[in-house]
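**Q** Sharing a structure below in structure tokens format, with a few things to ask.
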Amino acid sequence: MRAAIYTRVSTTGQAQEGHSLEEQLRQCSQLIEMHGHDLVNHYSDVGSGSNFEQRPGYKEMMDGMRSDWDIIYVWKLDRLNRNLKNQVQFFDAIGKSDAYVASVTEQVDTSSPYGRFIINVMSSLAEMEREQISERVQMGLGAARSQGRYIGGCPYGYSIPVKFDSTGNRIDKGQLVVNEKEAPIVRMIFEKYLEGMGIGEICNYLVENGIRTRKDNVIWSYGTVSNIVNRWHLYVQGKEKPDGESRWEPIVFLNDKEAFFLKNAAHPVECTCPDCELEKDEAYRDAPLQDADGGEEE
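The number in my numbering is simply the position in the sequence shown, starting from 1, with 1 added.
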């Protein structure tokens, strides 16, 4: 089995710990020889156990898992990670890669049945931590939505102002306000769409009239314009979802028939193929428009 050694001392604690890099290396090498494994690499760091950016040896060791070595030897498990969270993540990675770790002082060898039991426990803890993080994220998103905050990137036509309280903490996160520079362009897009222009045609119209995107690009992508039209409920009703509550000031004001048309029309596909765009646009324009009573417009 290919074996590697990882050694580490802190910058200030080497004397107090009483085990230098050389002594850790010597004891790990002895254990490898006893186990009959082949030493293929030695990784080492001098620094804190919590900041991975200051531990290039640790990062190199993790990158070499299974590709360069099968089992990693350490003098003590806290040479790898001092805090439980990082330790759990390490054992989770070990378990998923079918790699092993052995400790000189703690007599831990995860290639043994007991060692594999430790990996299973650590992996279960890692999974539980991921689930708890996901639950906290979903709870936070739900709370943000209940407060009328918009979740995600700022949609075209709106801005999210940045405000701070007296202590310097940001407030009013996710509150959409109409962007007076972009709002007229949004209205123009809906106007042309309701006149019968296809998405591709609207893109060309914007380019031909010298209207630039938010990032000051000359070309408007099909996906960008299609996304604006498909999210009509945001721009017409100020809603994040069609069946949601109005939370923001709308940008586009339509009569009942125009609004009904947008609500019931099939959404254009977001395809970059010109032929597909043309076919979809033409099929969409040729489809009969139903009035609010359910009949077809003459």
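Just so it is clear, CB atoms sit at the ideal spot from N, CA and C, and this is done for glycine as well.
1. Taking Tyr-303 as the reference, which of Asn-84, Trp-70, Asp-79, Val-89 has the closest Cα?
2. Sort Arg-215, Leu-263, Arg-232 by Cα distance to Gly-197 and report the nearest one.
3. Tell me the DSSP secondary structure of Ala-103 in three-state form.
4. Three Cβ pairs or more, each shorter than 8 angstroms: is that satisfied between the segment 249 to 262 and the segment 185 to 192?
5. Reducing DSSP to helix, strand and coil, say where Val-230 ends up.
6. For Tyr-44, count the other beta carbons within 10 Å of its own beta carbon; 16 or more makes it buried, fewer makes it exposed. Which is it?
7. To the nearest angstrom, how far is the alpha carbon of Glu-183 from that of Arg-213?
8. Where in the segment 161 to 209 do unbroken runs of the alpha helix (DSSP H), each at least 4 residues long, occur, reported from the N-terminal end onward?
9. Mapping DSSP to helix, strand and coil, what is Lys-240?
10. Please confirm whether Asp-76 and Glu-24 have their CB atoms less than 9 angstroms apart.
11. Check whether the Cβ of Val-109 lies closer than 8 angstroms to any heavy atom of the ligand FAD, and answer yes or no.
12. Can you tell me whether Thr-168 is buried or exposed? The criterion is at least 16 other CB atoms within 10 Å of its CB, across all chains shown.
13. What does the alpha-carbon distance come out to for the pair Thr-111 and Leu-85?
14. Is the CB-CB distance between Gly-48 and Arg-80 below 9 angstroms?
15. Hey, Ile-72 and Met-62: beta-carbon distance below 9 angstroms or not?
16. Please say whether Tyr-206 and Gln-176 have beta carbons closer to each other than 9 angstroms?
17. Alpha carbon to alpha carbon, how far is Gln-108 from Arg-56? Give it in angstroms, no decimals.
18. In whole angstroms, what is the alpha-carbon distance linking Val-178 and Lys-97?
19. If Thr-223 and Ile-200 are in contact, beta carbons under 8 angstroms, what's the gap, nearest whole angstrom?
20. Assuming Val-41 is part of the beta strand (DSSP E), what are its boundary residues?
21. Just tell me which of Met-35, Gly-153, Ser-125, Glu-246 has its CA closest to the CA of Ala-94.
22. Kindly give me the distance between the Cβ atoms of Leu-195 and Glu-136, rounded to whole angstroms, as I take these residues to be in contact under 8 angstroms.
23. Taking just the CA atoms, how far does Lys-242 sit from His-234?
24. If we ignore side chains and look at the alpha-carbon of each, how far apart do Ile-186 and Asn-82 end up?
25. What three-state label does DSSP hand Arg-3 in the structure shown?
26. Near His-20, which residues of its chain fall below 7 angstroms by C-beta distance, leaving aside the five closest residues on each side in sequence?
27. When you compare only the Cα positions, how much space is there between Arg-232 and Pro-156?
28. Could you tell me how far apart the beta carbons of Val-208 and Val-219 are, in whole angstroms, since I believe they sit closer than 8 angstroms?
29. From the DSSP output, in three-state form, read off Asp-93 for me.
30. From Ser-160 to Asn-210, what distance separates their C-alpha atoms?
**A** Based on what the coordinates show:
1. Within the shown structure, residues of the chain are numbered from 2 to 299, placing residue 303 beyond reach of any answer.
2. Leu-263
3. strand
4. yes
5. helix
6. buried
7. 10 angstroms
8. 184 to 196, 200 to 209
9. strand
10. Asp is not the amino acid found at residue 76; the sequence shown has Trp there. Yes, the Cβ-Cβ distance between Trp-76 and Glu-24 is below 9 angstroms.
11. Here there are no bound small molecules, and the ligand FAD is not part of this structure.
12. exposed
13. 18 angstroms
14. no
15. no
16. no
17. 25 angstroms
18. 46 angstroms
19. Note that residue 223 is Tyr in the sequence shown, not Thr. The Cβ separation is near 6 angstroms, so the contact holds.
20. 39 to 47
21. Ser-125
22. Wrong, their Cβ atoms sit about 43 angstroms apart, outside the cutoff.
23. 7 angstroms
24. 54 angstroms
25. strand
26. Trp-76
27. 10 angstroms
28. 6 angstroms
29. helix
30. 24 angstroms
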